Structures are given as C-alpha cells and as structure tokens.
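Data block below; observations after.
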Amino acid sequence: MYIESNTKRSWVEVDIDQIIKNYNIYKSKLSDSARIMAVVKADAYGHGDVAICRALWQNGVKLFAVSNIDEAKCLRNSGIGGDILILGYTPPEDFEDLFNFNITQTLLGEEYAELVANSGFNIKCQFAIDTGMNRIGLDGSDTEKCAEIIRKYSKKLHLDGFFTHLCVADADDAENIEFTRLQIEKYDRIRELTKDLHFPLVHCMNSAGGIFHGGEELVRLGIVMYGLKPDFSNVLPDGIAPALSWKSVIMMVKKIKAGESVGYGRSFTATKDMWIATIPTGYADGYRRDLSNKGYVLIKGYRAPIVGRVCMDQMMIDISELIACGEVIEMGDEVTLIGKSGKETLTADDMAHMIGTIGYEIVCGISKRVPRKYL
Ligand SMILES: *Cc1c(COP(=O)(O)O)cnc(C)c1O
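Here it is, written out as structure tokens:
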C-alpha cells in the first residue's frame, strides 16, 4: 500500500519481530482456549497491513479485521487467506466483491441485513450488537428480541456469528467497570439464547477487554499488538513495546540572535542567542501541528524542543543544549520523532498525551508519503 523508497528524508521503521512478540505475550495472558482476531484496519494502525498480516499468518493467525472493502481486497490481492471481517459499512454496490473475495461483512442492523439477504450473493456475515456504545448494531438492550432477529437471519444468510464492542474497557473506575460488566452481561445472555445455532465466531473483547476483563474466548486484538496503550494510564504486560519508530534528518543548522522569531505567525521569539535546526518533516507527513512549541524530538540521546509552528513539510527545533554539550550537529544527522535515542524514549502514546489525544491517532495519522521500512 505504501510507496517504495530508500530516501532518508522522513521514514518509519517497523520492527515486525516486536509485533509478533507483543502478540505472543498478549496471548499468553489469555486462557489457553482463547483465540485472537488481529485488527489490521487503517493499514495496521499505520504500520503497513500486508507485511504485518504475512508475519501474523506465519505465526498462526487466521482471523483478521479491517475497516472497509478496499483494505480487505488489498489483503486478498496480496495473498492473505483466512477470514477477513469488515467492521464497518460496505455500500451495496460492493456486495458482489464481498462475495467474490470471500470477505465477511458486519451487519449494521436489520435494514442492512435485509439488503444483504436480498442481494443474491451468499455473503459471509456477522451481526454487530449494540450493548451500550450506540455506534452500530442491533439493539442489545432487549436481549430476547435481539436473539430472535439473529435466529431469523441465521436462516436467510451465511451468518458466522455476532459481536459487540466495549467502549470503556480501558477504564478502572467503579462506574465504568460496572458499565463494561453490563455490556458483557447482555452479550453473554444473547450468546446463551443462540447457543443451539453453533456460531463459530462470537466475540466481544478488544485489546483492553481481553487483558482487563478476562479473555476466555475470541479477542479482537488491535492497539496492544502494536505495543501502544488503549489509554495513557494503562500498564501493559512486561515485554510489550512499541514496534514503530519515526525518523527524519537534520537538513540545516543555523544560529539566531536574541529577539529573532522562528516560523509562521512568529509564535516563538528567542530570549537569548540560540542554535536552531530544520527538519524535513511536517504536518503533511502527519506530524501534528498542535505539537508546535510543545513537542520535542530526540537527537543523539538528547531532547530538542520544537520551536515555532510545525510547517507543512518542515519544522524547526532548538539544538542549543546539544551544542552547549559539545555535540556536533550536521546535515544528514538522524533525528528520532518517535522511538529511542540513547537513554531517551518518546512513544506515540507520550506524543499523544502532550496534545490530548491517543496513540492510535498519531500512528494512523502518519501519512502515505512517509515510507515504511521493515526491520
Ligand atoms: C478498532 C476495533 C477493535 C480493536 O480495538 P483496540 O482498542 O485497538 O484493541 C476491536 N473491535 C472493533 C469493533 C474495532 O472497531
């Protein structure tokens, strides 16, 4: 899906072995009978879906989940087998492709199930059940009725099962723990009522659910497989670590005088003479503009703060401390935007935390023009 490039301008390095390690550690925390569906939507959270799926496949993963039909077809066209579940909407025009590519579609509700049933294609599908998120799915508050609808469509469709989605499984306060318990209770009740239908794929856990709310069955594993946290406050099992690093280089070094400003809007003004370096990565690469005057990058084990506004293709950093410590900084020197440098580590979760978002958004947001390299 990504451009092939050896250019050292701005690039991502993905440690596939770390992803497999994360997968194995996570799996070891579940019961022996538990299975895992790897969630590889949004190009495997920005890590590159084809490469990740191939590695997971070699490690025994046979179930995958994506967000849409283009992602699913891309995987099939790259030779990925097994089940591929689309978690979201597919327009009726594409129902024929769902069938031809042997892709499993989520049924958003009864109206959608009716469309699939009348399409003339024997499409594999699974019902979404809404147990409290209010996003998609059959209304799970009336468990009896919900089970009845599932039963009705099990006769009309190639129905492999159903699933629900937990919306606060990463929280550890009493109110949210109770909310999750109620979601699971509804799901369990529906599962009980449809037991005789022997569905092969019935599931309710995401990454957080699987580790914080017991993983006895099938877990849809996303963020933790990539070594990031569902919520910044979560503590992940030992050994799980981010697999993605984002690198760039120094393109220019300059000295500025006290009183001079840096960048668009003159949002930063030097209070003393300073050394500034420019880096060829900007918001068009997915580097968040709200990190302007807030974030930092790593060079030779030091933190170098971003000064001024992040531009479309470039940003400026303060390297005065490095120069003061006697470091020599030159064009082509490597800069770590996400990852490790010496004793310093800056994760996508840390970066997200600085600007009030989540690591998911940071890694998904690294744009297509940034090539992914696999270690
Ligand atoms: C994205 C998604 C997941 C994976 O969630 P993580 O928090 O990344 O583990 C699981 N299920 C559904 C329905 C999703 O949309």
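So the sequence shown is numbered by my numbering: it starts at 11 and just counts up by one. Positions of the beta carbon are idealized from the N, C-alpha and C atoms, including for glycine. Values in this document were obtained by computation on a predicted structure and should not be read as measured data.
Secondary structure of glutamate 226 (DSSP, three-state): coil. Bounds of the beta strand (DSSP E) holding glycine 171 are 168-174. When the five nearest sequence neighbours on each side are left out, the beta carbons in the same chain lying within less than 7 Å of the beta carbon of serine 20 are those of Ser258, Pro290, Thr291, Asp295, Val380, in order along the chain.
Distance from the Cα of valine 245 is smallest, within the candidate group Phe189, Asp180, Asn144, Val320, for Asp180. Annotation: valine 22 to isoleucine 200 spans about 43 Å, alpha carbon to alpha carbon. For isoleucine 289, the enclosing beta strand (DSSP E) begins and ends at 284-289.
The residue among Tyr197, Asn128, Lys155, Asp198 with its C-alpha nearest the C-alpha of histidine 168 is Asn128.
Remark: C-beta atoms of isoleucine 368 and glycine 56 do not approach each other more closely than 8 Å. Going by C-alpha positions, lysine 31 is about 8 Å away from glycine 249. With contact defined as three or more Cβ pairs closer than 8 Å, the stretch 314-328 and the stretch 36-46 are not in contact.
Here isoleucine 260 really is in contact with glycine 342; their C-beta atoms are around 7 Å apart, less than 8 Å. In the three-state reduction of the DSSP assignment, tyrosine 236 falls in the helix class. In the displayed model, histidine 208 falls within coil according to three-state DSSP, outside both helix and strand. Not one heavy atom of ligand 1 falls within 7 Å of the beta-carbon of serine 243. Our two residues, valine 212 and glycine 349, have alpha carbons roughly 37 Å apart in a direct line.
Contact annotation, glutamate 340 with leucine 308: C-beta distance approximately 17 Å; criterion of less than 8 Å not satisfied. Measuring C-alpha to C-alpha distances from proline 252 to each of Val229, Ile365, Tyr33, Asn16 identifies Tyr33 as the nearest. Taking each of Arg230, Gly142, Lys267 in turn and checking the Cα distance to arginine 45, the smallest one comes out for Arg230. Around the beta-carbon of tyrosine 274, fewer than 16 other beta-carbon atoms lie within 10 Å, marking it exposed. Between the beta-carbon of alanine 138 and that of leucine 108 there is about 16 Å, and that puts the pair past the 8 Å contact cut. In the structure shown, the three-state DSSP call for isoleucine 368 is coil. With contacts defined by Cβ atoms closer than 8 Å, glycine 142 and glutamine 193 form a contacting pair. In this structure, DSSP gives tyrosine 36 a helical state, which the three-state scheme calls helix.
Partner residues in the beta bridge of methionine 326, as assigned by DSSP, are Thr288, Val317. Per the C-alpha coordinates, the member of Gly219, Leu238, Phe242 positioned closest to serine 255 is Leu238.
Taking 7 Å as the cut-off, the C-beta of histidine 223 does not count as close to any heavy atom of ligand 1.
In the three-state DSSP reduction, glycine 349 falls in the strand class (E or B).
Around the CB of proline 101, fewer than 16 other CB atoms lie within 10 Å, so the residue is classed as exposed.
Lysine 165 carries a helical assignment under DSSP once its states are collapsed to helix, strand and coil. Within the stretch 92-177, the runs of beta strand (DSSP E) at least 3 residues long that lie entirely inside it are, in chain order, 93-96, 114-117, 134-140, 168-174. Taking 7 Å as the cut-off, the C-beta of alanine 218 counts as close to a heavy atom of ligand 1.
The C-beta of proline 240 has 16 or more other C-beta atoms within 10 Å across all chains shown, which makes the residue buried.
As the crow flies, the alpha-carbon of isoleucine 266 is around 34 Å from that of lysine 378.
According to DSSP, residue pairing for histidine 213 in a beta bridge involves Phe173, Leu228.
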